[in-house]
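Chemist: One structure follows; several queries about it will come next.
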Amino acid sequence: MQTWTEMKELQPLAAQMLMNSFKKDRISHAYLFQGSRGTGKKEMAVLFAKSIFCSNREEAEPCQHCRECKRIDSGNHPDLHWVEPDGQSIKKEQILHLQKEFTYTGMESNRKVYIVVDADKMTTNASNRLLKFLEEPSKQTTAMLLTESGQTMLDTIRSRCQLLAFQPLNPARIEERLVQEGVSQSNAKLLASLTNNLDEALEMNEDEWFANVRKLVIQLIEVLQNKPNEGLLFINHQWMPHFKERAHMQRGLDVLMLWFQDVINDHVDRDEAVVFVTEKERLNQAAMKWSRQSAAQCLTKVLEAKRKINQNVHPNLVMEQLTLQLQR
Ligand SMILES: [Zn+2]
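Just add 390 to wherever you are in the sequence shown, counting from 1, and you've got our numbering.
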């Protein structure tokens with residue numbers, strides 16, 4: 391359950407524009423919410439719908455308690471319609487169905503709101519159908535089209551919408567949101583350092599594969615630090631079997647980079663920046679083996695390895711070389 395105060399922190403510009411529409415009592419017929427996954431498009435759409443229907447609204451803020459607010463929360467408000475891809479696309483029949491629903495007058499009011507999720511996935515027929523709908527707006531209808539890539543949508547649809555650009559979230563915000571979603575502080579820090587996509591971060595948090603990446607990186611460091619002779623063995627028997635695709639390998643190297651950044655953080659007493667917060671003991675030990683300078687060199691080496699993997703050098707070769715370069 392979101393409030394405008396929260397949404398303003400998440401997406402200041404988009405939230406302000408929508409809030410202003412209540413102040414000026416000028417709600418558009420159609421909005422295009424454009425931004426990458428996890429930037430809060432859906433939450434904002436739900437909140438906006440609530441503000442439109444709430445019977446006790448104060449300025450833009452809905453009360454969250456009235457019948458209208460509650461029915462939106464439970465997903466069964468009769469005048470709020472959702473259209474989502476049916477399989478790979480949004481089909482013409484879905485838009486026709488929506489239009490049909492709209493020809494009946496509103497159950498309790500004349501207001502109607504519809505939200506099209508992944509609007510860029512509309513088929514050409516569906517797009518043309520929706521365009522017709524947008525061209526003859528009734529006073530009381532508001533459309534919100536949500537998309538990650540508005541460029542692929544019909545210009546004629548885009549031009550009928552007020553565009554709201556959703557910005558990528560900054561790491562501190564992501565971390566905060568992840569903790570709110572029940573992710574542990576240490577995981578939240580790691581995930582927020584790897585992606586600015588909230589949904590992706592949540593998926594990674596649930597992913598056992600990713601949990602093992604973290605473990606493997608710590609094991610690799612232990613080997614490099616204490617049993618350098620076993621480095622290549624570890625790479626071939628433990629590391630490589632876990633990273634079968636190049637994208638996976640990049641992810642692993644990203645986490646490895648965070649580790650060496652943390653060694654530097656440890657050297658300069660920048661505790662607040664440390665990502666591996668639960669590994670303080672290990673970090674201290676690593677900082678004794680890797681000076682600040684050599685940790686910085688390791689970072690450069692990992693970056694080089696990432697570049698080579700992009701250039702299609704054989705991952706096994708890249709990792710073996712890297713291991714020799716990193717060990718102490
Ligand atoms: Zn309310």
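Beta carbons are placed, not taken as given, at the ideal position from N, Cα and C, and that holds for glycine. Everything numeric in this text was worked out from a predicted model, so none of it was measured.
(1) For E635, which residues does DSSP report across the bridge?
(2) Taking 8 Å as the cut-off, decide whether the C-beta atoms of N769 and D652 are in contact.
(3) Which residues, in chain order, sit with a beta-carbon under 7 Å away from any heavy atom of ligand 1?
(4) Are the region 546-553 and the region 419-428 in contact at 8 Å, needing three or more beta carbon pairs?
(5) What beta strand (DSSP E) runs, 3 residues minimum, are completely inside the region 398-471?
(6) Going along the chain, which residues of its own chain have a beta-carbon closer than 7 Å to the beta-carbon of R427, five neighbours each way excluded?
(7) What span of residues does the alpha helix (DSSP H) with M534 cover, start to end?
(8) Restricting to Cα atoms, I'd like to know which of M630, E596, N706 is closest to V607.
(9) Which of the three DSSP states is assigned to Q647 in this structure?
(10) Strictly under 8 Å for the Cβ-Cβ distance: is V708 near chain D by that measure?
(11) Using a 10 Å radius around the Cβ and a threshold of 16 neighbouring Cβ atoms, would you call P452 buried or exposed?
(12) Taking 8 Å as the cut-off, decide whether the C-beta atoms of L707 and K691 are in contact.
(13) Using only CA atoms, which one of V664, P618, A439 lies nearest to E710?
(14) Taking the C-alpha atoms as reference points, what is the distance between G465 and E635?
(15) Going by Cα to Cα distance, which pick from A509, L584, V503, L486 is closest to Q478?
(16) Mind checking which residues open and close the alpha helix (DSSP H) that includes L610?
(17) Classify D589 as helix, strand or coil using the three-state DSSP reduction.
(18) Who are the near neighbours of E571 in its chain, counting only those whose CB is closer than 7 Å to its CB and skipping five residues on each side?
(19) Quick one: using the 10 Å Cβ neighbour count with 16 as the cut-off for buried, is E458 buried or exposed?
(20) Start and end of the beta strand (DSSP E) containing K502?
(21) Per DSSP, what kind of secondary structure is S681 in: helix, strand or coil?
(22) Where N702 and L544 are concerned, what is the direct C-alpha to C-alpha distance, given to the nearest angstrom?
(23) Quick one: grab the DSSP three-state call for M512.
(24) Within the same chain, show all residues whose beta-carbon is closer than 6 Å to that of A685, passing over the 5 residues directly before and after it, in chain order.
(25) Which residues does DSSP pair with A555 in a beta bridge?
(26) Run the CB neighbour count on M647, radius 10 Å, all protein chains shown included, and call it buried at 16 or more, exposed below.
(27) Using CA coordinates, which residue listed in L408, R567, L524 is at the minimum distance from T429?
(28) Could you work out which residue in D463, K432, E433, K431 is closest to C444 when comparing CA atoms only?
(29) Give me, in chain order, the residues of the same chain whose beta-carbon lies closer than 8 Å to that of A705; leave out the 5 immediate sequence neighbours on both sides.
(30) I need the DSSP call for V708, collapsed to helix, strand or coil.
(31) Between the alpha carbons of S432 and P561, how many angstroms are there, rounded?
(32) Between which two residues does the alpha helix (DSSP H) harbouring E491 extend?
(33) Give the DSSP bridge partners of S479, in chain order.
Modeler: From the atom records:
(1) Position 245 of the sequence shown, counted from the first residue, corresponds to residue 635. According to DSSP, which records beta bridges pairwise, E635 is partnered with nothing at all.
(2) Any question about residue 769 goes unanswered here, given that the chain covers just 391 to 718.
(3) One residue after another in chain order, those with a Cβ under 7 Å from a heavy atom of ligand 1 are K440, C444, S445, N446, R447, P452, C453, Q454, H455, C456, E458, C459.
(4) Judged by Cβ distances under 8 Å, the region 546-553 makes contact with the region 419-428, as three or more pairs qualify.
(5) Entirely contained in the region 398-471, the beta strand (DSSP E) runs reaching 3 residues are, in chain order, 420-424.
(6) Stepping through the sequence shown from its first residue, residue 427 is reached at position 37. Here R427 has E538, N587, D589, E590 as same chain residues with Cβ atoms under 7 Å from its own Cβ, once five neighbours each way along the sequence are excluded.
(7) Working through the sequence shown from its first residue, we reach residue 534 at position 144. Element bounds for M534: not the alpha helix (DSSP H) but the beta strand (DSSP E), 531-537.
(8) Numbered from its first residue, the sequence shown carries residue 607 at position 217. V607 has its Cα closest to that of M630, out of M630, E596, N706.
(9) As a working mapping, residue 647 is identified with position 257 in the sequence shown. Going by the sequence as given, residue 647 is Met instead of Gln. If DSSP states are grouped into helix, strand and coil, M647 belongs with the helices.
(10) Among the chains of the structure shown, chain D does not appear; only one protein chain is present.
(11) Taking the sequence shown and counting its residues from 1, one reaches residue 452 at position 62. It is buried - the Cβ of P452 has at least 16 other Cβ atoms within 10 Å.
(12) The residue you call residue 707 lines up with position 317 of the sequence shown. The residue you call residue 691 lines up with position 301 of the sequence shown. Taking 8 Å as the Cβ cut-off, L707 and K691 do not qualify as a contacting pair.
(13) Position 320 of the sequence shown, counted from the first residue, corresponds to residue 710. Out of V664, P618, A439, P618 has the C-alpha closest to the C-alpha of E710.
(14) The sequence position of residue 465 within the sequence shown is 75, counting from 1. The sequence position of residue 635 within the sequence shown is 245, counting from 1. Taking the straight line from one Cα to the other gives about 39 Å.
(15) Counting from one through the sequence shown, the residue named residue 478 turns up at place 88. The shortest C-alpha separation from Q478 is found at A509.
(16) By one-based count along the sequence shown, residue 610 stands at place 220. That run of the alpha helix (DSSP H) goes 598-616.
(17) Mapped onto the sequence shown, residue 589 falls at position 199. It is helical.
(18) Along the sequence shown, one-based indexing puts residue 571 at 181. Excluding residues within five positions, the ones whose Cβ falls inside 7 Å are L592.
(19) In the sequence shown, residue 458 corresponds to position 68, counting from 1. Its Cβ being crowded by 16 or more others within 10 Å, E458 is buried.
(20) For the purposes of this step, residue 502 is identified with residue 112 of the sequence shown, where counting begins at 1. Element bounds for K502: 502-506.
(21) If you number the sequence shown from 1, residue 681 lands on position 291. It is coil, neither helix nor strand.
(22) In the sequence shown, counting from the first residue as 1, residue 702 sits at position 312. In the sequence shown, counting from the first residue as 1, residue 544 sits at position 154. Cα-Cα distance, rounded: 37 Å.
(23) Counted from its first residue, the sequence shown places residue 512 at position 122. Three-state DSSP puts M512 in a strand.
(24) As a working mapping, residue 685 is identified with position 295 in the sequence shown. A distance below 6 Å between beta-carbons, with the five flanking residues on each side excluded, links A685 to the following residues of its chain, in chain order: F650, V653, I654.
(25) In the sequence shown, residue 555 corresponds to position 165, counting from 1. Beta-bridge pairing links A555 to Q424.
(26) Here the question's residue 647 lines up with position 257 in the sequence shown. Classification for M647: buried.
(27) As a position in the sequence shown, residue 429 is number 39, starting the count at 1. Nearest C-alpha to T429: R567.
(28) Stepping through the sequence shown from its first residue, residue 444 is reached at position 54. Among D463, K432, E433, K431, the Cα nearest to that of C444 is on D463.
(29) Taking the first residue of the sequence shown as position 1, residue 705 is located at position 315. The sequence shown places Pro at residue 705, rather than the Ala named in the question. Same-chain partners within the cutoff: M630, F633, R636, M639, I699.
(30) Here residue 708 refers to the residue found at position 318 of the sequence shown. Reduced to three states, the DSSP call for V708 is helix.
(31) What you label residue 432 is simply residue 42 of the sequence shown in a count that begins at 1. What you label residue 561 is simply residue 171 of the sequence shown in a count that begins at 1. Position check: residue 432 holds Lys in this sequence, whereas Ser was assumed. One C-alpha to the other measures close to 20 Å.
(32) In the sequence shown, residue 491 corresponds to position 101, counting from 1. Counting along the chain, the alpha helix (DSSP H) containing E491 begins and ends at 482-493.
(33) Taking the first residue of the sequence shown as position 1, residue 479 is located at position 89. Answer by DSSP bridge pairing, in chain order: D476.
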